[in-house]
Structures are given as C-alpha cells and as structure tokens.
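Data first, discussion second: the structure below is written as structure tokens.
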Amino acid sequence: MARDMTAYRQVAVHSVAWGEVVEIHPMPGQAYATDMNVQCSRRMSDTSVYPLGTSFLVDAKLTDRLGGPQYLYVWHGDAIKVLTAKEAEVFLGAYRRVRL
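Using the working numbering, you'd call the opening residue of the sequence shown number 1 and step up by one each time.
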C-alpha cells in the first residue's frame, strides 16, 4: 500500500536533550507544540552521527495511536535532510505571522 503523501507536511525538527535521552521535537515557530513527540528514524537522535541541536527537514504527518496523544510520524525510510542554521531560519521565516 502506498503512502498518502497529501497527509504529510514539511516540518523543521531538531534534536534536544530530554532528561538523559535525546529526542526529536518540532522547532519553535510552526503549527506544532515544541514538546510534541516525533516518531522518526533513531539515527536522527544518535549523537555520534548528528550532534545535539542538529536541525532536520522532514515530511511528517500528525497522527495518534488508538486515541492516545497526538505525535508527528516520519517514515523511517525517508532520506535525512540536515538543515543549516540559515536554511532553518529561511524555512521558519515562511511560517511567521506578520501582525498588522
């Protein structure tokens, strides 16, 4: 069965220390809470490969498991796209709301 790509959106995420565990969470300035869990490839939270605080651009969909809390799901087979600080700033700049 093919993935429904219309359910996926590009989201900027980053690795953060959550207690003694490294987790992936959405970056601030988007439609998702910064403490929302992101289910993705474990490689993204491996600090021997990507240092803590590394930003990534992922295709994610909002989901829940049997009525549990919502989280972002990233297919584990997608390529890992690392964002530089400048690329992350440009991407997040597109989502900032301008107050009139």
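Virtual Cβ for every residue (Gly too), placed ideally from N, Cα, C.
Asked, Found
"Residues sharing a beta bridge with Ser-15, DSSP", "Ile-24"
"Residues near Thr-54 in its chain [Cβ-Cβ closer than 7 Å; skip 5 each side]", "His-14, Ser-15, Val-82"
"From Leu-52, Gly-93, Gly-68, residue whose alpha carbon lies closest to that of Asn-37", "Gly-68"
"Runs of beta strand (DSSP E) lying entirely within the region 32-90, each at least 3 residues, in chain order", "55-63, 71-74, 81-83"
"Of the listed residues Val-21, Arg-9, Pro-26, Ala-60, nearest to Ser-45 (C-alpha basis)", "Val-21"
"Same chain, Cβ closer than 7 Å to Val-49, neighbours up to 5 away in sequence not counted", "Arg-43"
"CA-to-CA distance, Arg-65 to Ala-85, given in whole angstroms", "33 Å"
"Backbone CA spacing between Ala-2 and Thr-34 [nearest angstrom]", "Residue confidence is low: Ala-2 scores 49 on pLDDT, short of 50, so the model does not pin down where it sits. No coordinate-derived value is stated."
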